[in-house]
Every structure is written in structure tokens, then in C-alpha cells.
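In this note's numbering, the protein residues as written are 196 to 385. Heads up, the beta-carbon is just placed ideally off N, CA and C, and yes, glycines get one too. For clarity, every value in this text was computed on a predicted model and none was experimentally measured. Here is the structure we will look at, set down as C-alpha cells.
Right, dumping it as C-alpha cells:
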């Protein structure tokens, strides 16, 4: 047997006879609702302030971490640069020895090759650590990279302000000149 469910429509007219006996209770309830709404609004505002504050602190931490890493790299590079400035004169001494061809040729060949190998190995280590050597005959003279110690006159206009002789090589560390090349340069004269 099937049961029939009866739906009864409820109208608001049925509740008309309900009366609030104590109007103060209604007023207190409305007042309480207003207080709660105000409290909710204040809590939402406080929550938003905390969230914004937290986000700012988080951003500050990320920025501080980046800044610390950059400073660490800077100090590491400054330390390396300082060490390199002490090592470079040793390279200059190797090159001075090599440039005296007459004396260098008199040295025992096996010993000479050993010293040249050490020099090459030394240059390789420096290159692997961001050091580059520069200064070649024919390079354009750039005051930020070269120190001119002598000027040679030339009739060839194409050689004007180019390197005629390299006295000492220059060095860069991570694209920064740490030692200028000492050179002689050409100067064009009619």
C-alpha cells in the first residue's frame, strides 16, 4: 500500500497571531546583532591588517635573503679580487722572464718547458675563476683599460691610438679591470 504524503502549504498568515511579549527582548536582540556585526567587521579588519603585515614581513624576508646573497657574492668577489691583485705581479714576473729571449733560450730546455707549463696552468686556474688577460699589439687604446707609458709617432693614420707595444698585460675580473695594461701607443702625425 502506498502512502500518500500530503504537503501542506504554510502561509505567513498563520504566524500573525504570534506576539512578542517583551519588546525589550527584541530591542536587546537587535542591539546584540548590531554589536556582533560591528565586532565581526572589526575582526575582519584586524585579520586583513594581520594578513597585510604578514605579507609585508614575508616580502621583507625574501628581499633580505636576496640582499644577503648579493652581499655574500660581493664580499667573496672582493676577497678574490684582493688575492688576485697580489698574484698578478707573479704573472708579470713570468712574462718578464719569457720576454728576455736571449737569457730564456740559455736555460735548460726541460726546465724551461716546466716553467712554461706552470705559467700556463696558473693562467688556466685564473681564467676558470673569472680572470681574463688583455693587451695585444694593434688593440685600440682605451684609457679605462690601458696605461700609456710612451707615445710613438706614425705616418699610418690607421694605427692612430692603437697599441704599438705591450709592456705588461692587463687583467679583468668578471668584466672589471683590476690591472691596466702598460703599453706604448701610436700617434698619427702628418
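Whole-Å CB distance - residue i paired with residue j, under 8 Å assumed
i, j, result
"residue 327", "residue 366", "7 Å"
"residue 289", "residue 312", "About 11 Å separates the two Cβ atoms, so there is no contact after all."
"residue 299", "residue 305", "Residue 299 to residue 305, Cβ: 14 Å. No contact."
Cβ-based burial, residue i [other Cβ within 10 Å; buried from 16]
i, result
"residue 279", "buried"
"residue 286", "buried"
"residue 361", "buried"
"residue 341", "buried"
Per-residue DSSP class, three states only, for residue i
i, result
"residue 336", "coil"
"residue 325", "coil"
"residue 309", "helix"
"residue 365", "strand"
"residue 210", "Per-residue confidence for residue 210 stands at a pLDDT of 49, beneath the threshold of 50, marking its modelled position as unreliable; no derived number is given."
"residue 384", "coil"
"residue 302", "coil"
"residue 347", "strand"
"residue 375", "coil"
"residue 331", "coil"
7 Å Cβ cutoff met for residue i and residue j
i, j, result
"residue 377", "residue 345", "no"
"residue 364", "residue 309", "no"
"residue 276", "residue 381", "no"
Discussion item. Check whether the region 345-357 and the region 368-376 touch, using three or more Cβ-Cβ pairs below 8 Å as the test.
Written reply: no
Worksheet item: Between the region 327-336 and the region 352-367, are three or more C-beta pairs nearer than 8 Å?
Response: yes
Worksheet entry | Three or more C-beta pairs below 8 Å linking the region 281-297 and the region 309-326 | yes
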